[in-house]
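For the protein sequence lines, the chains are Y and Z, in the order given.
Read in order, the letters of the first sequence correspond to residues 603 to 689 in the numbering used here.
Read in order, the letters of the second sequence correspond to residues 8 to 115 in the numbering used here.
Notes follow the structure.
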Amino acid sequence: MMDIIVISLMGLGLLFSLVRLIKGPKLSDRVVSLDTINMIIIGVIVVIAKVFENAMYLDVALVYAALAFLETVVFSRYLEGKKDGNS
Amino acid sequence: MEIASYIFMTIGGIFFLLGGLGVLRMPDTFNRIQAGTKATTLGVFSTLIGVAFMNPSWIAKIIIIIVFVVITNPIGSSVIAKATYNSKNIPSNLVQDDLKQRGDENDV
């Protein structure tokens with residue numbers, strides 16, 4: 603029961619970030635919301651590891667965290683190249 | 008132990024909800040960076056502490072994930088803010104601009 607409440611709170615946050623990802627006026631807003639979505643997904647993966655009692659999901663969460671950081675840096679470098687800042 | 012785990016996980020979920028709400032509702036890009044990055048750092052921290060209370064044998068991997076997220080998420084926030092500033096996308100109602108006073112706005 604409590605797991606469902608925690609997953610629901612995370613899902614609401616994910617939904618709000620997804621709205622900003624879709625309608626964000628500038629490209630940097632989309633990069634920020636993508637970073638937020640990645641962090642929420644790390645939390646969801648760890649809660650899934652707790653629900654299924656399987657420690658392998660923690661490795662998945664660690665690799666996902668590494669790839670999320672790389673993705674943020676690469677998108678920011680791309681954003682820096684575009685001087686007008688429009689999407 | 009179970010009650011402490013659920014308390015920490017619920018606090019983490021509330022922080023994730025507030026982070027998403029801040030990203031949706033804040034007025035400009037720099038405020039969205041603040042809301043989206045700081046709240047989710049604390050959310051990951053609290054959720055993983057809660058899962059570590061439930062399964063104490065996973066503590067090593069969970070500490071590795073916490074250290075990685077706590078190091079890389081502020082770095083990502085700083086990189087996004089610097090790229091936003093350098094793409095000349097700053098809001099017009101900025102009160103103070105320290106980078107422009109230093110004169111190295113294109114120095115990455």
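Yeah, the Cβ is synthetic: ideal placement off N, Cα and C, and Gly gets one too.
- Message: Check whether the stretch 35–43 of chain Z and the stretch 63–74 of chain Z are in contact - that is, three or more C-beta pairs closer than 8 angstroms.
- Response: no
- Message: Tell me which residues share the same chain as I6 (chain Z) and place their Cβ nearer than 8 angstroms to its Cβ, disregarding the 5 neighbours each side in the sequence.
- Response: Here chain Z covers residues 8 to 115 and nothing more, so residue 6 (chain Z) does not appear.
- Message: I'd like to know whether the C-beta of M16 (chain Z) is nearer than 8 angstroms to at least one C-beta of chain Y.
- Response: yes
- Item | Beta-carbon neighbours of I622 (chain Y), restricted to chain Z and to distances below 7 angstroms | According to the sequence displayed, residue 622 (chain Y) carries Arg and not Ile. The answer, in chain order, is V30 and L31.
- Item | Residue burial classification, G57 (chain Z) (beta-carbon count within 10 angstroms, cutoff 16) | With 16 or more other Cβ atoms within 10 Å, it is buried.
- What is the DSSP secondary structure of K45 (chain Z), reduced to helix, strand or coil? helix
- Query: In chain Z, what lies closer than 8 angstroms to M604 (chain Y) by C-beta?
  - Reply: Y13, M16 and T17
- Just the C-alpha distance for I607 (chain Y) and G626 (chain Y), rounded to the nearest angstrom, thanks. 28 angstroms
- Item | C-beta contact flag for L669 (chain Y) and I639 (chain Y) at 8 angstroms | no
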